[in-house]
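J.:
Protein chains: 2
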Amino acid sequence: MQMRNGMDDTDWKILRTLQAEPELSINALADKVGLSHTPCWRRLKKLEEDGVIASREIVLDQRKVGLGVDVFANVRITRHDEDTLEAFAEAVESHPQIVECFLVGGDSDYLLRVVAGSIEEYERFLKKVLVHMPGVASVNSSFAMRRIKLTTRLPI
Amino acid sequence: MQMRNGMDDTDWKILRTLQAEPELSINALADKVGLSHTPCWRRLKKLEEDGVIASREIVLDQRKVGLGVDVFANVRITRHDEDTLEAFAEAVESHPQIVECFLVGGDSDYLLRVVAGSIEEYERFLKKVLVHMPGVASVNSSFAMRRIKLTTRLPI
DNA sequence: GCAAAAAAGGAAAATTCTTCCTAGCAGGCC
DNA sequence: GGCCTGCTAGGAAGAATTTTCCTTTTTTGC
Numbered sequence: 001m002q003m004r005n006g007m008d009d010t011d012w013k014i015l016r017t018l019q020a021e022p023e024l025s026i027n028a029l030a031d032k033v034g035l036s037h038t039p040c041w042r043r044l045k046k047l048e049e050d051g052v053i054a055s056r057e058i059v060l061d062q063r064k065v066g067l068g069v070d071v072f073a074n075v076r077i078t079r080h081d082e083d084t085l086e087a088f089a090e091a092v093e094s095h096p097q098i099v100e101c102f103l104v105g106g107d108s109d110y111l112l113r114v115v116a117g118s119i120e121e122y123e124r125f126l127k128k129v130l131v132h133m134p135g136v137a138s139v140n141s142s143f144a145m146r147r148i149k150l151t152t153r154l155p156i
Numbered sequence: 157m158q159m160r161n162g163m164d165d166t167d168w169k170i171l172r173t174l175q176a177e178p179e180l181s182i183n184a185l186a187d188k189v190g191l192s193h194t195p196c197w198r199r200l201k202k203l204e205e206d207g208v209i210a211s212r213e214i215v216l217d218q219r220k221v222g223l224g225v226d227v228f229a230n231v232r233i234t235r236h237d238e239d240t241l242e243a244f245a246e247a248v249e250s251h252p253q254i255v256e257c258f259l260v261g262g263d264s265d266y267l268l269r270v271v272a273g274s275i276e277e278y279e280r281f282l283k284k285v286l287v288h289m290p291g292v293a294s295v296n297s298s299f300a301m302r303r304i305k306l307t308t309r310l311p312i
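Protein chains in written order, with our numbering: chain A, 1 to 156; chain B, 157 to 312.
1) Let me know the secondary structure DSSP gives residue 119 of chain A once reduced to three states.
2) From the DSSP output, in three-state form, read off residue 138 of chain A for me.
3) According to DSSP, simplified to helix, strand and coil, what is residue 16 of chain A?
4) Could you list which residues in chain A have their beta carbon closer than 7 Å to that of residue 307 of chain B, in chain order?
5) Can you list, in chain order, the residues of its chain whose CB lies under 6 Å from that of residue 194 of chain B, leaving out five sequence neighbours each side?
6) First and last residue of the alpha helix (DSSP H) that includes residue 199 of chain B?
7) Which one of A:109, A:110 and A:125 has the shortest CA to CA distance from residue 95 of chain A?
8) For the beta strand (DSSP E) containing residue 230 of chain B, name the first residue and the last one.
9) Kindly indicate if chain A contains any beta-carbon less than 7 Å away from that of residue 209 of chain B.
10) How would you call residue 296 of chain B, buried or exposed, if buried means at least 16 neighbouring beta carbons within 10 angstroms?
11) Using a Cβ distance threshold of 8 Å, determine whether the region 227-235 of chain B contacts the region 64-71 of chain A, with at least three qualifying pairs required.
12) Quick one: grab the DSSP three-state call for residue 124 of chain A.
13) Closer than 7 Å, Cβ to Cβ, to anything on chain A: give me those residues from the region 170-183 of chain B, in chain order.
14) Spell out whether any CB of chain B is found under 7 Å from the CB atom of residue 35 of chain A.
15) Determine, using beta carbons only, whether residue 57 of chain A comes closer than 7 Å to chain B.
16) Which residues does DSSP list as the beta-bridge partners of residue 28 of chain A?
17) Can you tell me where the alpha helix (DSSP H) holding residue 248 of chain B begins and where it ends?
18) Please identify the residue among B:196, B:239 and B:260 whose C-alpha is closest to the C-alpha of residue 145 of chain A.
19) Which of helix, strand or coil does DSSP assign to residue 167 of chain B?
20) Determine the direct distance from the alpha carbon of residue 44 of chain A to that of residue 36 of chain A, and round the result to whole angstroms.
21) Short of 6 Å in beta carbon distance, which residues of its chain neighbour residue 227 of chain B, apart from the five on each side in sequence? Order them along the chain.
22) Answer with buried or exposed for residue 179 of chain B, where buried requires no fewer than 16 other C-beta atoms within 10 angstroms of its C-beta.
23) Spatial neighbours of residue 16 of chain A within its chain, please: C-beta separation below 8 Å, excluding the five flanking residues on both sides.
24) In whole angstroms, give me the CA-to-CA distance for residue 161 of chain B and residue 117 of chain A.
25) Just how far apart, CA to CA, sit residue 111 of chain A and residue 236 of chain B?
26) Between the alpha carbons of residue 34 of chain A and residue 182 of chain B, how many angstroms are there, rounded?
27) List the residues of chain B whose Cβ lies closer than 7 Å to the Cβ of residue 64 of chain A, in chain order.
28) Is residue 245 of chain B closer than 7 Å to residue 290 of chain B when the C-beta atoms are compared?
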């Protein structure tokens with residue numbers, strides 16, 4: 001049996017099927033992957049235990065909860081030692097307006113996505129929070145004019 | 157009763173509670189928001205119907221499914237007419253490796269996040285797909301060296 | 001203060017999830 | 001080959017959850 005990352009074809013099929021239709025019941029899922037519900041259920045539990053399925057989430061409509069503005073902030077840091085990095089990461093974690101943060105090579109140090117209700121609200125967040133986060137040297141903000149795609153589904 | 161975006165305090169509490177713990181059963185959720193399960197269930201259905209809750213998703217561990225590489229691609233476009241934009245958006249939609257795409261102001265036109273199994277795999281995707289997408293003038297790639305945060309939970 | 005409308009609650013039905021036990025199959029060993 | 005062992009699947013029953021239906025309470029407008 002072909003194995004990839006410790007999973008056989010049936011496991012992959014479960015992941016693909018569930019990604020496409022996350023609300024499928026065990027029975028419906030079992031049907032689609034060609035198992036009866038019990039073994040299917042056991043595999044699903046194992047995938048959750050192993051952390052392959054990291055979590056289940058509800059995804060809200062940003063606009064409908066009043067958070068229609070996405071801003072990408074390029075943050076440059078003063079020093080690159082581990083302590084600064086750590087302190088910055090903690091600050092990122094503690095602010096729910098920051099929904100994404102990656103340490104990137106290239107021009108700038110961190111790339112953040114920040115959500116806000118309005119441009120003004122973002123500017124307040126920038127001035128009151130972002131620029132005062134540990135080690136921040138400069139912040140360069142780009143407003144998203146349109147969202148083309150944003151998904152949690154991975155190409156497996 | 158205070159209303160924001162057509163929802164009262166209880167609706168918001170449901171959203172906040174479910175965002176924090178998406179797997180709560182109706183009964184547990186009802187308990188937490190101080191309702192009995194029936195009205196709680198009705199509100200939940202309404203939030204789903206209205207699209208405030210856009211979807212429920214399963215989130216996979218990128219590393220554990222062999223997609224440990226995140227790349228941010230700044231894509232510059234030749235023309236900015238609506239047709240080019242449309243064609244580009246369609247191409248983005250059709251490639252599951254592209255998990256995010258925003259039209260941004262500032263330096264560059266589009267910011268994409270692409271997932272891949274390795275740097276080599278990304279480079280193939282870049283050469284075979286990205287640069288040939290409609291209207292693309294140039295692509296500037298930044299590899300993510302570390303993921304600090306990535307969440308679907310909104311600050312409501 | 002009263003009537004109408006809206007929201008909440010309780011009980012029961014339907015569905016789904018979870019467990020338990022049995023059966024089938026493949027690989028290793030004599 | 002025959003047999004044991006371990007792994008995976010399947011069926012049936014029990015538990016829990018979701019969904020519906022109907023009644024009661026609360027709120028709102030006059």
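The beta carbon of each residue, even a glycine, is placed where N, CA and C say it ideally should be.
T.: The answer reads as follows:
1) On the first sequence, residue 119 of chain A is found 119 positions in, with the first residue counted as 1. Helix.
2) The sequence position of residue 138 of chain A within the first sequence is 138, counting from 1. Here residue 138 of chain A sits in strand by DSSP.
3) Along the first sequence, one-based indexing puts residue 16 of chain A at 16. If DSSP states are grouped into helix, strand and coil, residue 16 of chain A belongs with the helices.
4) The sequence position of residue 307 of chain B within the second sequence is 151, counting from 1. Chain A residues near residue 307 of chain B: 99.
5) Locating residue 194 of chain B in the second sequence gives position 38, counting from the first residue. Here the set comprises nothing.
6) Here the question's residue 199 of chain B lines up with position 43 in the second sequence. From DSSP, the alpha helix (DSSP H) with residue 199 of chain B extends over 193-205.
7) For the purposes of this step, residue 95 of chain A is taken as residue 95 along the first sequence, with counting starting at 1. Taking the Cα of residue 95 of chain A as reference, the smallest distance to any Cα among A:109, A:110 and A:125 is reached at A:125.
8) Stepping through the second sequence from its first residue, residue 230 of chain B is reached at position 74. Taken as a continuous stretch (DSSP letters only), the beta strand (DSSP E) holding residue 230 of chain B covers 225-233.
9) The count along the second sequence starts at 1 and reaches residue 209 of chain B at position 53. Output row for residue 209 of chain B: interface = yes.
10) Here the question's residue 296 of chain B lines up with position 140 in the second sequence. By the neighbour-count rule (16 or more Cβ atoms within 10 Å), residue 296 of chain B is not buried but exposed.
11) Not touching, per the Cβ criterion.
12) Here residue 124 of chain A is taken as the residue at index 124 of the first sequence, counted from 1. Correct three-state label for residue 124 of chain A: helix.
13) Closer than 7 Å at the C-beta level to chain A, one finds these residues of the region 170-183 of chain B: 171, 174, 175, 178 and 179.
14) Locating residue 35 of chain A in the first sequence gives position 35, counting from the first residue. Chain B, which has no Cβ nearer than 7 Å to the Cβ of residue 35 of chain A, makes this no.
15) Here the question's residue 57 of chain A lines up with position 57 in the first sequence. Closer than 7 Å: yes.
16) As a working note, residue 28 of chain A is residue 28 in the first sequence. In DSSP, residue 28 of chain A forms no bridge with anything.
17) On the second sequence, residue 248 of chain B is found 92 positions in, with the first residue counted as 1. Where residue 248 of chain B is concerned, the enclosing alpha helix (DSSP H) stretches over 238-250.
18) Against the first sequence, residue 145 of chain A aligns to sequence position 145. Closest option to residue 145 of chain A, Cα to Cα, is B:260.
19) By 1-based counting over the second sequence, the position of residue 167 of chain B is 11. Note: residue 167 of chain B maps to helix in three-state DSSP.
20) Within the first sequence, numbered from 1, the residue matching residue 36 of chain A stands at position 36. Within the first sequence, numbered from 1, the residue matching residue 44 of chain A stands at position 44. Cα to Cα, residue 36 of chain A sits roughly 12 Å from residue 44 of chain A.
21) On the second sequence, position 71 is the one that residue 227 of chain B refers to. Same-chain partners within the cutoff: 270, 278, 297 and 299.
22) Sequence index remark: in the second sequence, residue 179 of chain B carries index 23 (1-based). Residue 179 of chain B comes out exposed.
23) On the first sequence, residue 16 of chain A is found 16 positions in, with the first residue counted as 1. These residues qualify, in order along the chain: 156.
24) One-based indexing of the second sequence puts residue 161 of chain B at position 5. One-based indexing of the first sequence puts residue 117 of chain A at position 117. So the alpha carbons of these two residues sit roughly 12 Å apart.
25) Start at 1 with the first residue of the first sequence, and residue 111 of chain A comes out as number 111. Start at 1 with the first residue of the second sequence, and residue 236 of chain B comes out as number 80. Residue 236 of chain B has its alpha-carbon roughly 25 Å from the corresponding atom of residue 111 of chain A.
26) Here residue 34 of chain A corresponds to residue number 34 of the first sequence, with the count starting at 1. Here residue 182 of chain B corresponds to residue number 26 of the second sequence, with the count starting at 1. Taking the straight line from one Cα to the other gives about 30 Å.
27) Within the first sequence, the letter at position 64 stands for residue 64 of chain A. Ordered by position in chain B, the residues that pass the 7 Å Cβ test against residue 64 of chain A are 161, 207 and 208.
28) For the purposes of this step, residue 290 of chain B is identified with residue 134 of the second sequence, where counting begins at 1. For the purposes of this step, residue 245 of chain B is identified with residue 89 of the second sequence, where counting begins at 1. Cβ atoms of residue 290 of chain B and residue 245 of chain B: not closer than 7 Å.
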